[in-house]
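Novice: In this note's numbering, the protein residues as written are -13 to 119. Glycine included, each C-beta is placed from N, C-alpha and C at the ideal position. Mind looking over this structure? Questions follow.
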Amino acid sequence: TMHQRPDDDEVEDFLERAKEIEAKIKAIKEGRLPLEQLEREEAEEKRKKEEEERVRRKQKAEYDEREAKRKAREKQEEKERWWRGADLLLEHEDRRSGLVDDEEGEGTDDDDPLRKYELDYSRWARNDWNDPA
């Protein structure tokens, strides 16, 4: 795999941390930095990292919750669209079978806007190749 060269900010951050660590090591060797202070700094750094991790987990949980709500909403919308289509087909079938009066008058199958939703392939036998879809 090909590795990317780190950008200048990352390199500068790394070098800055390396210099800080080098300065601390030198101060410890010379006795200018008590170990207790170093331990306090480490504890503070650890606390900051834990806080950042907690915030990151909270943000991820909020994102996951929003995604779950979005998916549930989309699923509900899809279900509603499906039922609207099913209701249209049922109404159309009732109209075709004469159970419901057709206000617009009788049309041909070619004029039927719901024809593309039919799962009936019997029209194939009629050699009806004027399918609008």
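1. Does the distance from the CB of leucine 21 to the CB of alanine 13 come in under 8 Å?
2. Which of the three DSSP states, helix, strand or coil, is assigned to leucine 131?
3. Determine the DSSP secondary structure at aspartate -7, reduced to helix, strand or coil.
4. Look at the Cβ atom of leucine 24, then the Cβ atom of lysine 10, and state whether they are nearer than 8 Å.
5. By DSSP, does leucine 19 sit in helix, in strand, or in coil?
6. What number of angstroms, rounded off, separates the C-alpha of lysine 34 from the C-alpha of glutamate 28?
7. Which value, in whole angstroms, describes the spacing of the CA atoms of alanine 4 and alanine 47?
8. Measure the C-alpha to C-alpha separation of glutamate 39 and lysine 32 and round it to an integer number of angstroms.
Specialist: In brief:
1. no
2. In the structure as shown, the chain starts at -13 and stops at 119, and residue 131 therefore has no counterpart that could be examined.
3. coil
4. yes
5. coil
6. 10 Å
7. 34 Å
8. 10 Å
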